[in-house]
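Note that the protein sequences, when read in sequence, are chains A and B. Mind the numbering: the first sequence is residues 1127 to 1574 in my numbering, read in order. Mind the numbering: the second sequence is residues 1127 to 1574 in my numbering, read in order. For each residue, glycine too, the CB sits at the ideal point set by N, CA and C. Here the structure is a predicted model, which means the values were calculated and not measured.
There are 2 protein chains.
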Amino acid sequence: MVTSLEKKPSHEVVIIGGGFGGLYAAKALANTNVNVTLIDKRNFHLFQPLLYQVATGTLSPADISAPLRSVFSKSKNTKVLLGEVGNIDPKARKVMLGDEIVPYDTLIVATGANHSYFGKDSWKELAPGLKTVEDAIEMRRRIFMAFEAAEKESDPEKRRAFMTFVIVGGGPTGVELAGAIAELAYQTLKEDFRNIDTQEAKIVLLQGGDRILPHIAPELSKAATESLKKLGVIVHTKTRVTNVENDSVTFKRDNELTEITSKTILWAAGVEGSSMGRILAERTGVECDKSGRVMVEPDLTVKGYPNIFVIGDLANFSHQTGKPLPGVAPVAKQQGEYVGKLIQLRLKNHTLPEFSYNDVGSLAMIGQNLAVVDLGFLKLTGFLAWVFWLIIHIYFLIEFDTKIVVVIQWAWNYITRNRRSRLITGKEAFLGPQAVNHHSPFQATETK
Amino acid sequence: MVTSLEKKPSHEVVIIGGGFGGLYAAKALANTNVNVTLIDKRNFHLFQPLLYQVATGTLSPADISAPLRSVFSKSKNTKVLLGEVGNIDPKARKVMLGDEIVPYDTLIVATGANHSYFGKDSWKELAPGLKTVEDAIEMRRRIFMAFEAAEKESDPEKRRAFMTFVIVGGGPTGVELAGAIAELAYQTLKEDFRNIDTQEAKIVLLQGGDRILPHIAPELSKAATESLKKLGVIVHTKTRVTNVENDSVTFKRDNELTEITSKTILWAAGVEGSSMGRILAERTGVECDKSGRVMVEPDLTVKGYPNIFVIGDLANFSHQTGKPLPGVAPVAKQQGEYVGKLIQLRLKNHTLPEFSYNDVGSLAMIGQNLAVVDLGFLKLTGFLAWVFWLIIHIYFLIEFDTKIVVVIQWAWNYITRNRRSRLITGKEAFLGPQAVNHHSPFQATETK
């Protein structure tokens, strides 16, 4: 199969998904002698690690987005196609995009993952997650609208419900959200209201495992917990959410059930492979894990299909450590680069050793002067970690979009705790806080 | 009525609307001995003159917005209320906000104006206007989605419809939109597509009167027309739109009907006072002009109600020149400042001479190095006018937000023709361009 590739006049590579995996695969193949078609539902790549800053009013969506067409405008072998892939035909080597059929020689599937609600799909509307720009705008609307509603509410109990924020999931996103909301309530907004004292807001972080940020060293988890507590966040570990209602969340801890009344429940838990995983399994017989991620071969291909690669959050790559690599940007990026390189080498009848993740370390931002950094050989907390986090993200943003001014603005906003991007927009934004008295005021809507 | 004011222990000023008029009235009254309640449907003030740059992908909504609460966080006599006023009771001096009743001693109505579709309400969905952030996001979606749809379309006629943009209205907004879309098609996007040549896009500006930008000197109108033509925009004056369909617009010119097939029709014509004008007319008997604007007294009050002011786009102030002052930001700003000052003087039993607009001049941006500036004593075109326009807007943005970095970013984006804020977002964004083959693909939706 590999040897047949070089005989073709032009080798068609189709990449599904313009996240970190797909983007870096396409970059690795830009201006080479293959034809690349990059398919995405959206016209932009999203720098997801900073999405929580959109949700909490620090950045605008465009600040962390790069139009895919402009990324590849100078790469004439790369075609960007806007659309949603409905099916794949691995035998005929075709991808179905609505009525359109896109043939491929090599396929790279990089469609990522969604939040998992552990089978409780009704929770999704009540406790939205944070994967897309629209999710972030909706989360931002809920957070800021909750303060507005509290300001108008005279009943102290209802007011408390508006002033209580519950974040489910103690991974990086959950921790960063909790820290950012705490800073918002206790610092940014403290002078802004006349009837409420935003310092009375309650921010609760629920984590299933025995510590937050389980992917970093235990002592850093502990430091992160301390930092969150310092900011005013209540952290509950070993906690299993058993129910989510319109204005409450119930969790089990030490065999005890607790119900918190809250109008703003945010979801940052669980991982579920996107639907392309299921389609691939049906069409190729490849195995998926219980989260719907595709079990890939050591070279990131699908078993029996050396011309189909699965990378990023959708891939379960367990060959290196015996457990799946984490669903983080550096993994997706390195896998994309690996596959891009491998495709080129194969055309020259060469190959690469199996994929191996070069762990660059983990880090999480908790708040101003508060972060944790785990580089393995070096562990940082507090101010030093915070500076390190800033530098790393400035570096990534520059690499991502050489517009230095955007980076300066971002760093400036961040350092000055400016949260001017706190627009309440969308259909329900017009209704004012009286809207929150409706039956299901904070239900997920199509408003963006 | 006036003399009774000073006897009250605290004087309640209610301002409806946080646009330029309401904002500057509230600023004039900040930290004085009156109580101010500023009511707006939105939690932010919008710098509307730059909204067209959001619609065409240069700026993000937050770049031209200021959270009202943060503007007044240090002004403890000012309360911001999020909500929509449903009615006014001028006899009882009360404003109805949902179930809530807000009493006032002095009322300032600054709710602005909407686009007028000259009674053809069905056109509104087919040819959206540009007044809100949501409008701008929707317009941006339509513009960028049209190029995406053209890229996928194989039928040359249909493709042409996607590549044709019609802007109705030759005032500043229409001119600025036409210029920005021309720059987008002919410069920014020219390397981005593989199947279409964006240079083949057709941008048509339709103006009812005999020249565009009728509020500035005729020689500048002419210069602006030349600049637009240089950019590639087709300008039709003395043109009356007679019909708008899903994918066509028909107009009459020299008694001849012409139909243009276009998937993207944008509305920048007509002015219609917001609904508060009608409510005021019903409740106070005040006269409105045929555009629904309130005929105000020389001191901007409503006849018979010296404690009710109407300012900004909703006011028809014709005492100075015999015709209404234009609906532009400087008029609203000066009126807001005037009213703020007058209220304070009245409390000391003083008053002010009647309002008089200090015309600071008019300017319009057409494109890179192309603008027109009319200061009366000085008329500029081309590069000099463009630099002047930039400086003036930088000045206003600094005054507006003091976040110098935002201004640098904006100027940088503008000068480098960066249009990274070109996200297609909202419900329909997910569907990809195949969505445009639906029955009414570009209908206005709630997607933001």
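A:F1522 - DSSP class collapsed to helix/strand/coil: helix
B:L1207 and B:L1185: beta carbons closer than 8 Å? no
Minimum Cβ-Cβ distance from B:N1213 to chain A less than 8 Å: By this cut-off, B:N1213 is not an interface position.
Would you report the Cα separation of A:L1357 and A:E1210, rounded to the nearest angstrom? 42 Å
Taking 8 Å as the threshold (beta carbon to beta carbon), is B:N1169 in contact with chain A? yes
Which same chain residues, not among the five before or five after B:K1467, have their C-beta less than 7 Å away from its C-beta? A1154 and L1478
Using the three-state DSSP reduction, which class does A:L1303 fall into: helix, strand or coil? helix
Beta-carbon within less than 6 Å of B:W1515's beta-carbon, same chain only, minus the 5 sequence neighbours each way: which residues are those? L1489, M1491 and A1497
Reduced DSSP secondary structure (H/G/I, E/B, other) of A:V1235: strand
Is B:P1187 close to chain A, meaning its C-beta is less than 8 Å from at least one C-beta of that chain? yes
CA-CA distance, B:L1315 and B:V1292? 18 Å
Find the nearest neighbour of A:K1278 within the set B:K1205, B:E1264 and B:G1238, judged by alpha-carbon distance. B:K1205
Are the C-beta atoms of B:I1550 and some chain A residue less than 8 Å apart? yes
Whole angstroms is fine: what's the gap from B:D1439's alpha carbon to A:A1188's? 31 Å
I want to know whether the region 1213-1231 of chain A touches the region 1321-1340 of chain B - three or more CB-CB distances under 8 Å. no
Under a Cβ-count criterion, where at least 16 other Cβ atoms within 10 Å of its own Cβ denotes burial, should B:N1381 be classed as buried or exposed? exposed
Would you call the region 1234-1244 of chain B and the region 1347-1361 of chain A touching, i.e. three or more CB-CB distances under 8 Å? No, because fewer than three Cβ pairs between the region 1234-1244 of chain B and the region 1347-1361 of chain A fall closer than 8 Å, the two stretches do not touch.
Go ahead and label A:L1501 buried or exposed: buried means 16 or more other beta carbons lie within 10 angstroms of its beta carbon, across all protein chains shown. exposed
Extent of the continuous alpha helix (DSSP H) run through A:S1347: P1344 to L1357
Compute the Euclidean distance between the alpha carbons of B:L1473 and B:K1459, then round it to the nearest angstrom. 22 Å
Top-ranked residue by Cα proximity to A:A1272, from A:E1317, A:A1327 and A:W1249: A:A1327
Please work out which residues of its chain come closer than 7 Å, Cβ to Cβ, to A:T1351, disregarding the five sequence neighbours upstream and downstream, and give them in chain order. Excluding five sequence positions before and after A:T1351, the CB atoms of its chain that fall closer than 7 Å to its own CB belong to I1338 and V1361, given in chain order.
Evaluate A:Y1521 with the Cβ neighbour count: other Cβ atoms within 10 Å of its Cβ, from every protein chain shown; 16 or more gives buried, anything less gives exposed. exposed
Can you pull the chain B neighbours of A:K1200, defined as C-beta to C-beta under 7 Å? E1317
For B:P1229, write down the residues that DSSP places opposite it in a beta bridge. B:K1220
Per-residue DSSP class, three states only, for B:D1261: helix
Delimiting residues of the alpha helix (DSSP H) encompassing A:K1153: F1146 to L1155
Assuming A:G1493 is part of the beta strand (DSSP E), what are its boundary residues? Per DSSP, A:G1493 is one residue of the beta strand (DSSP E) stretching across S1488 to G1493.
Mind listing the chain A neighbours of B:R1195? Cutoff is C-beta to C-beta under 8 Å, in chain order. L1315, D1318 and F1319
Step through the CB atoms of chain A and report whether any lies within less than 8 Å of the CB of B:S1547. Among the residues facing chain A, B:S1547 is included, as its CB has a counterpart in that chain under 8 Å away.
Quick one: which residues of the region 1245-1271 of chain A get their C-beta closer than 8 Å to a C-beta of chain B? List them in chain order. When C-beta distances to chain B are compared with 8 Å, the residues of the region 1245-1271 of chain A below that value are V1259, E1260, I1263 and F1270, in chain order.
Test: A:T1528 CB closer than 8 Å to a CB of chain B: Annotation note: pLDDT 49 at A:T1528 (below 50); position unreliable, coordinate value reported separately. Output row for A:T1528: interface = no.
Could you name the residues of chain B that A:K1205 contacts, counting a contact when the two beta carbons are closer than 8 Å? R1320
For B:S1191 and chain A, any beta-carbon pair shorter than 8 Å? yes
Per-residue DSSP class, three states only, for B:Y1464: helix
Between which two residues does the beta strand (DSSP E) carrying A:S1374 extend? Segment S1374 to R1379, the beta strand (DSSP E) holding A:S1374.
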